[in-house]
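What follows is one structure encoded as structure tokens, with my remarks underneath.
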Amino acid sequence: MGPGIGHNGGPPLEPDAGASWRLFVWRQAHRKAWKTPPREIALRRLARAEELGMSYREYTLEIMERGRYL
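For the sequence shown, the numbering used here begins at 354 and goes up steadily by one.
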């Protein structure tokens, strides 16, 4: 039987057995996504971010979120 009426489908609030594994996997994925790119790519992103009036981190986050360059 599924959740009752009014349940928003979110995760359970009480800790569960798989929470530590999900945290571990999420941290690995986060490190991989924010791994420092080669120097040439980082400099190109920095220059483009400055042209757009953004920080390097904001620009990189936009690339990761949208999957395309601004």
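Quick reminder that beta carbons are idealized off the backbone N, C-alpha and C, glycines included. Everything numeric in this text was worked out from a predicted model, so none of it was measured.
- [ ] Could you have a look at Thr389 and say whether DSSP puts it in helix, strand or coil?
- [x] Translated into the one-based positions of the sequence shown, residue 389 becomes position 36. Coil, per DSSP.
Task: Secondary structure of Tyr409, DSSP reduced to three states - done: In the sequence shown, counting from the first residue as 1, residue 409 sits at position 56. Judged by DSSP in its simplified three-state form, Tyr409 adopts helix.
TODO: Mind reading off the beta-carbon distance from Glu424 to Leu423? Whole number of angstroms is fine, and I expect it under 8 Å.
DONE: Outside the shown range of the chain, which is 354 to 423, sits residue 424, and nothing can be said about it.
Task: Contact under 7 Å by Cβ, Leu399 with Tyr409 - done: For this step, residue 399 is matched to residue 46 along the sequence shown. For this step, residue 409 is matched to residue 56 along the sequence shown. Yes. Within cutoff.
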